[in-house]
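Engineer: Sharing a structure below in structure tokens format, with a few things to ask.
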């Protein structure tokens with residue numbers, strides 16, 4: 041059985057990606073990051089999800105991106121509310137080089153466990169315009185990864201960065217996940233949740249999520265009334 | 041004045057690179073990693089060197105690569121002594137994806153401070169065959185970096201990964217550094233130093249360093265008799 045390293049934030053996209061990798065027959069190794077994010081509660085969700093979906097191992101890597109700051113998620117900058125999510129401007133919730141750092145750790149993890157398949161829930165339709173979610177970025181990362189490690193020098197294998205959601209809308213992602221029996225009640229997408237984990241409802245991530253569930257004519261199962 | 045982010049391990053190569061970037065007229069921002077390396081004492085050296093050469097800021101980033109292990113530098117694996125340094129086999133001192141992780145953090149740091157110039161002391165002549173020191177790897181990282189960030193979307197600038205030592209032998213690196221007034225007595229290259237910082241003399245890194253000083257007909261100024 042091939043091993044998959046899956047980036048798992050505890051949000052809707054990465055949870056769907058984890059379920060998708062499982063459905064493809066991979067043995068699952070999840071990796072999450074405690075990076076100083078204001079929505080640190082997502083890690084609690086990630087742990088629940090990893091246990092529910094069934095992973096061999098779940099690494100939670102502490103790295104403090106507050107050392108650099110420069111983002112509303114890691115610094116004293118307000119998370120924008122009710123922003124126009126059609127805007128092409130990169131919002132202040134962008135975290136400098138975050139996916140590059142996350143994928144680099146995933147690469148180290150993959151190399152050590154003998155995996156060549158790294159999964160990320162990036163998507164470019166209903167998203168916030170983050171540059172490190174674009175297909176051309178992921179392709180460039182994959183090329184770099186294939187020159188970076190002893191694993192590809194010592195074998196004939198190549199690393200693949202899998203982004204199965206890359207061209208799906210949020211509504212399509214949810215539909216895919218429902219078909220894979222994903223329990224979205226454990227997922228958290230909000231950038232600025234209340235202490236009890238309830239989503240704010242108006243950050244970019246909440247807006248995109250709400251739109252996705254609305255287009256599936258259903259209520260968000262994570263919202264407790 | 042352009043800002044340079046310089047990876048600084050406290051070794052001979054990165055110290056020479058820092059001095060080289062200074063001589064090119066850059067404002068210096070050094071970055072080092074406390075990654076669970078057995079030769080943790082190199083960070084003390086890095087601090088001294090950063091202060092002596094004169095940097096605007098020196099970030100020391102804690103990341104624990106012992107989480108993954110898989111290397112003699114981060115795991116319970118002996119550091120090879122008196123190994124044939126002409127061997128083409130990648131030695132167990134290779135740390136999975138280390139330069140990719142280090143450069144990713146350097147990219148985040150650069151983006152936040154508005155720098156587009158990242159310096160690394162990688163070289164491919166007198167080295168241990170690490171895949172993430174090869175020019176083709178560094179070129180691929182640079183391409184990826186230029187798709188990864190908001191900085192290149194929002195400006196016309198491009199990131200450059202500078203590896204000024206890439207084609208120099210260890211002897212040539214030392215010669216270059218001496219011409220730049222580098223004080224090599226503060227540098228530490230050994231993978232397995234004694235508690236007081238004295239080098240073991242027989243790991244790959246010591247062998248390469250000793251060869252470099254011998255070819256310059258001089259004693260290693262870091263060795264206290």
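Chains as they are written, first to last, in our numbering: chain F, 41 to 265; chain Z, 41 to 265. Just so it is clear, CB atoms sit at the ideal spot from N, CA and C, and this is done for glycine as well. Quick caveat: nothing in here was measured; it's all calculated off a predicted structure.
Look up residue 157/Z in the DSSP assignment and say whether it is helix, strand or coil.
Structural biologist: Looking up residue 157/Z in the second chain gives position 117. Strand at residue 157/Z.
Engineer: Measure from the alpha carbon of residue 121/Z to the alpha carbon of each residue in 114/Z, 131/Z and 115/Z, then state which is nearest.
Structural biologist: Working through the second chain from its first residue, we reach residue 121/Z at position 81. Residue 121/Z has its Cα closest to that of 131/Z, out of 114/Z, 131/Z and 115/Z.
Engineer: Apply the 10 Å Cβ neighbour rule to residue 198/Z and answer buried if 16 or more other Cβ atoms are within range, or exposed otherwise.
Structural biologist: Position 158 of the second chain holds residue 198/Z. Flag for residue 198/Z reads exposed.
Engineer: Would you verify that the beta carbon of residue 250/Z is, or is not, closer than 8 Å to some beta carbon of chain F?
Structural biologist: Here residue 250/Z refers to the residue found at position 210 of the second chain. Chain F contact via Cβ: absent.
Engineer: Helix or strand or just coil, what does DSSP make of residue 100/F?
Structural biologist: Counted from its first residue, the first chain places residue 100/F at position 60. It is a strand residue.
Engineer: Please work out which residues of its chain come closer than 6 Å, Cβ to Cβ, to residue 79/F, disregarding the five sequence neighbours upstream and downstream, and give them in chain order.
Structural biologist: In the first chain, residue 79/F corresponds to position 39, counting from 1. For residue 79/F, where only same-chain residues beyond five positions count, the Cβ hits under 6 Å are 231 and 233.
Engineer: For the candidate residues 112/Z, 73/Z, 218/Z and 174/Z, whose alpha-carbon lies nearest to that of residue 145/Z?
Structural biologist: Numbered from its first residue, the second chain carries residue 145/Z at position 105. Taking only the C-alpha atoms, the option nearest residue 145/Z is 73/Z.
Engineer: Going by beta carbon distance, what residues of the same chain come within less than 8 Å of residue 228/Z, once the five residues before and after it are set aside?
Structural biologist: Along the second chain, one-based indexing puts residue 228/Z at 188. Cβ within range, chain order: 50, 51, 79, 81, 82, 85, 237, 239 and 262.
Engineer: Here's the rule: buried if 16 or more other CB atoms are within 10 angstroms of the residue's CB, otherwise exposed. What is residue 76/F?
Structural biologist: Counting from 1 along the first chain, the entry for residue 76/F is found at position 36. Burial call: buried.
Engineer: Between which two residues does the beta strand (DSSP E) holding residue 200/Z run?
Structural biologist: Along the second chain, one-based indexing puts residue 200/Z at 160. Start and end: 200-202.
Engineer: Quick one: using the 10 Å Cβ neighbour count with 16 as the cut-off for buried, is residue 102/F buried or exposed?
Structural biologist: One-based indexing of the first chain puts residue 102/F at position 62. By the neighbour-count rule (16 or more Cβ atoms within 10 Å), residue 102/F is not buried but exposed.
Engineer: Which residue's Cα is closest to the Cα of residue 53/F: 258/F, 109/F, 153/F and 203/F?
Structural biologist: Position 13 of the first chain, counted from the start, is the residue given in the question as residue 53/F. For residue 53/F, the nearest C-alpha among the options comes from 203/F.
Engineer: By Cβ distance below 7 Å, which residues in the same chain neighbour residue 210/Z in space, the five residues on each side in sequence not counted?
Structural biologist: The count along the second chain starts at 1 and reaches residue 210/Z at position 170. Same-chain partners within the cutoff: 166, 248, 249, 251 and 252.
Engineer: So, is residue 235/Z buried or exposed, given that buried needs 16 or more other C-beta atoms within 10 angstroms?
Structural biologist: Along the second chain, read from residue 1 onward, the residue named residue 235/Z stands at position 195. By the 10 Å Cβ count, residue 235/Z comes out exposed.
Engineer: Taking the straight line between their C-alpha atoms, what separation do you get for residue 139/Z and residue 163/Z?
Structural biologist: As a first step, residue 139/Z must be located in the second chain, where it is residue number 99. As a first step, residue 163/Z must be located in the second chain, where it is residue number 123. C-alpha separation (whole angstroms): 12 Å.
Engineer: To the nearest angstrom, report how far apart residue 88/F and residue 100/F are at their CA atoms.
Structural biologist: For the purposes of this step, residue 88/F is identified with residue 48 of the first chain, where counting begins at 1. For the purposes of this step, residue 100/F is identified with residue 60 of the first chain, where counting begins at 1. Approximately 13 Å between the Cα atoms of the pair.
Engineer: For residue 241/F, tell me which candidate among 112/F, 117/F and 260/F has the shortest Cα-Cα distance.
Structural biologist: If you number the first chain from 1, residue 241/F lands on position 201. Comparing Cα positions, the closest option is 260/F.
Engineer: Could one say the Cβ of residue 149/F lies closer than 8 Å to chain Z's Cβ atoms, at least one of them?
Structural biologist: Here residue 149/F refers to the residue found at position 109 of the first chain. Judged by the 8 Å Cβ criterion, residue 149/F is in contact with chain Z.
Engineer: Could you give the residue range of the beta strand (DSSP E) that holds residue 73/F?
Structural biologist: Taking the first chain and counting its residues from 1, one reaches residue 73/F at position 33. From DSSP, the beta strand (DSSP E) with residue 73/F extends over 67-74.
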